[in-house]
Amino acid sequence: MKIRVIRPAEARRAGAWVCFVPAGARVPAGPWREAAPGLGAAVGRAVRAKAFDGKLRGFHLLPPAAGLPERVLLIGLGPSKEIGCEALRRAASDLPARARLLGLRALTIFLPDDVGVPAADAAQALVEGIGLAAYQFLKYRKPDPAAARLRLEAADLVAAAASREAAEAGRSLGETLLRGVCRARDLVNEPAHAKTPRKLAALAASLAGRGVSVRVFDEKACARMGMGAFLGVARGSAEPPRMIRLDYRPPKPRGTVCIIGKGITFDSGGLDLKPTDAMRWMKDDMAGAAAVLGLFSILRDLRPAVRVLGLVAATENMPGGRAYKPGDILRAMNGKTIEIDNTDAEGRLTLADMLAYASREKPDVILDLATLTGACVIALGNNIAGLFTDHDALAKEIEACAARTGEKVWRLPLEKDYRELNASAVADVKNAGGRWGGAITAGLFLKEFVDPKIPWAHLDIAGPAFAEKPRVYTPAGGTGAMVRMLAELLRGRSASARAGRKR
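Just so we're aligned, residue 4 is where the sequence shown starts under the numbering used here, counting upward by one.
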């Protein structure tokens, strides 16, 4: 979809206009007066007739009127005090479907730059809302020319002269973030046979260039590094594992952020086989890796001032003849031994070696993203990620970034008293802590493999990574969870680093 920023005088009379209206307002937001002075009166009539009340995502099609295009769509923003970037995203998310129902392939949208949201943020939010909702995964579908003709293809954002430069910056950033999210969604939506560890590594290698370097380690290299936990999981699959290391270095990096993504390209559960219903969507068990790769696909455009190290341990978890078994003892890269209590608690084993590897790199912060536990979904539902960290400042940073991007996180405790649930009589630790507090014991397990001097946070994205049913601006399937949050975190750290240089 092509989106551009235009002046009010360029607003086309042909086609359809979109105006956003706060609840209780009698005129729309944005620079509409220069384009159509009579629009305010038309909106006022609709409000007085109680045909439209401005509630969030409310919709009304104005009747034809002199001086206006044939179609003017009113979209509600909700109460003024609640209007922010997320309200704008949600309001814009209905536009692709509305356009399809009305047979519209192009829209002229008046940027609501007078509702308390800066023009750059408003433009970015609208672009994200439209683009995230319009996403489709059609790679394996027979082409449908009729459906293609009904698809929204272009949108013009009308910005006042004083806001145009900022709106253009917001539009550009929004489109960049969309590319990263859609890349992650595509990866999650691919069938497992199309994203085996070797194929995932090849895709990662294609991201090299313009500041990004990529190294891929085969099983022999991983064995030399002592990654016994990762390789233990890989034993049951005919597909060889791959460790992927991506490294973005700006010219003068100010600090290093390490991001680890769980990369189980298909999870059968291993010998502790999952039931059919639980296995159905396990192609999504690499959503953490997809977020890392989606982020790296746009770093050359985001150009953060910090170094970004991305790590993925890619493997399948299968019950082959050489599969690891309950009762086995594996040795992780940091030397700790792990008793296998359940082969379906495999993701934490691959992450253990990645966390140990990351700790040797001495970054300023380590983040890991993983579709790790069903327990987290039971606790928080399918739209909220669990956040685990002992570092309050890092927790607040992640929470603030997630709030700005509309991605929900909730901090859960790394309860010290629960550490004994991971205790083993024959090894340093076991890989499953029992039924109760499963998301917490998984986080505590991961903590065993992190250098305690390095701030670390674990994000359990088992709920938000995949939508079995459509959500507000997320079609069914892979969601691209946390790509935008990670980008926001890097942008924030970059801004702080640049400000520090000036000082």
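Every residue gets a Cβ at the ideal spot worked out from N, C-alpha and C, and that includes glycine.
- If you ignore the 5 residues before and after Gly183, its C-beta comes within less than 8 Å of the C-beta of Gly297, Leu298, Ser300, Ile301, Gly483, Val486, Arg487 and Ala490, all in its own chain and listed in chain order.
- For Ser216, the enclosing beta strand (DSSP E) begins and ends at Val215 to Phe220.
- Note on geometry: alpha-carbon atoms of Ala164 and Val260 lie some 38 Å from one another.
- Per DSSP, Thr259 is one residue of the beta strand (DSSP E) stretching across Thr259 to Asp270.
- Comparing alpha carbon positions, the residue from Ala125, Val118, Leu104 and Ala172 closest to Leu155 is Leu104.
- In this structure, Leu449 sits away from Leu305, with a CB-CB distance that is not shorter than 8 Å.
- For Phe62, the enclosing beta strand (DSSP E) begins and ends at Phe62 to Leu64.
- As the crow flies, the alpha-carbon of Pro278 is around 45 Å from that of Ala126.
- Distance from Leu370 to Leu312 at the Cβ level is roughly 10 Å; contact not present, criterion being Cβ atoms closer than 8 Å.
- Rounded to whole angstroms, the Cβ separation of Ser271 and Met285 is 7 Å, and the two are in contact under 8 Å.
- In the DSSP assignment, Phe23 falls within the beta strand (DSSP E) that extends over Ala19 to Val24.
- Annotation for Trp413: Leu383, Ile387, Ala388, Gly389 and Leu390 place their beta carbon closer than 8 Å to its own, counting only its chain and skipping 5 residues before and after.
- Straight-line spacing of the CA atoms in Thr179 and Gly134 works out to 11 Å.
- In this structure, the beta-carbon distance from Val191 to Asp287 falls below 8 Å.
- Straight across, the Cα-Cα distance linking Arg36 with Leu42 is about 7 Å.
- Segment contact: the stretch 225-232 against the stretch 465-479, fewer than three CB-CB distances shorter than 8 Å; contact not assigned.
- When Cβ pairs closer than 8 Å are counted between the two stretches, the stretch 91-101 is seen not to touch the stretch 42-52, the count staying below three.
- Ranked by Cα distance from Asp250, the first of Ala361, Gly177 and Met4 is Ala361.
- Per the DSSP secondary-structure output, Val368 pairs in a beta bridge with Val260.
- The C-beta distance from Lys58 to Gly79 rounds to 5 Å, short enough to meet the 8 Å contact threshold.
- Annotated as distal: Arg334 and Gly239, with beta-carbon spacing of 8 Å or more.
- Following the DSSP letters along the chain, one finds Ala158 inside the beta strand (DSSP E) bounded by residues Ala157 to Val161.
- In the displayed model, Asp250 falls within a strand according to three-state DSSP.
- A straight-line Cα-Cα distance of about 12 Å links Ala136 and Met4.
- Secondary structure at Asn320: strand, using DSSP grouped into helix, strand and coil.
- When DSSP states are grouped into helix, strand and coil, Glu171 belongs to the helix group.
- Of the residues Pro366, Tyr327 and Glu364, the one whose Cα lies closest to the Cα of Glu349 is Tyr327.
- By the Cβ-count criterion, Arg213 is exposed, with fewer than 16 other Cβ atoms from all chains shown falling within 10 Å of its own Cβ.
- Annotation: the stretch 456-482 contains the following complete segments of the beta strand (DSSP E) (minimum length 3 residues), in chain order: 459-463.
- The beta carbon of Cys404 is closer than 6 Å to those of Met488, Glu491 and Leu492 in its chain, skipping five residues each way along the sequence.
- DSSP links Gly389 through a beta bridge to Trp413 and Asp463.
- When secondary structure is reduced to three states using DSSP, Thr199 falls in the coil class, being assigned neither helix nor strand.
- DSSP places Ile86 outside both helix and strand once states are collapsed to three, so it counts as coil.
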